[in-house]
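In this note's numbering, the protein residues as written are -2 to 87.
For each residue, glycine too, the CB sits at the ideal point set by N, CA and C.
Each remark here refers to the structure printed beneath this line.
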Amino acid sequence: MTIVVLMKPIHDPNVPLTREEVETPAFGVEESHLSFGPYDENALETALQLKDRYRMPVVVVVVAPSNMPENFLRIPLAVGADQVFQVPLA
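Dropping the structure here:
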């Protein structure tokens, strides 16, 4: 059995938005300050706890634009996920 966690990057809630950022057509598509949302992080943490308890692999599926930085996709691996797959947005 494998645990699958779905994650999506969002604008970092610790970085305030400017009016110019919100009004650009690239807002929400090409963000400069990205992070995973708190619900996604909680889901990953719960999956990692289940992994430790039941010895199941954790696979993370990230739904993100194809130009997502590779180091951002390594975050789930750094905390203990076994594999990360990216599903590019159309």
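Return the residue from the list the options that minimises the CA-CA distance to residue i.
i: residue 34; options: 48, 3, 44, 52; result: 3
i: residue 32; options: 12, 49, 40; result: 12
To the nearest angstrom, report how far apart residue i and residue j are at their CA atoms.
i: residue 21; j: residue 15; result: 10 Å
i: residue 45; j: residue 55; result: 7 Å
i: residue 49; j: residue 73; result: 15 Å
i: residue 68; j: residue 51; result: 29 Å
i: residue 18; j: residue 53; result: 42 Å
i: residue 42; j: residue 8; result: 20 Å
i: residue -2; j: residue 78; result: 15 Å
If we count the other Cβ atoms within 10 Å of its Cβ and call it buried at 16 or more, is residue i buried or exposed?
i: residue 37; result: buried
i: residue 6; result: buried
i: residue 75; result: exposed
i: residue 23; result: exposed
i: residue 59; result: buried
Uninterrupted alpha helix (DSSP H) stretches inside the segment 43 to 85 (no shorter than 4 residues): 67 to 70, 72 to 76
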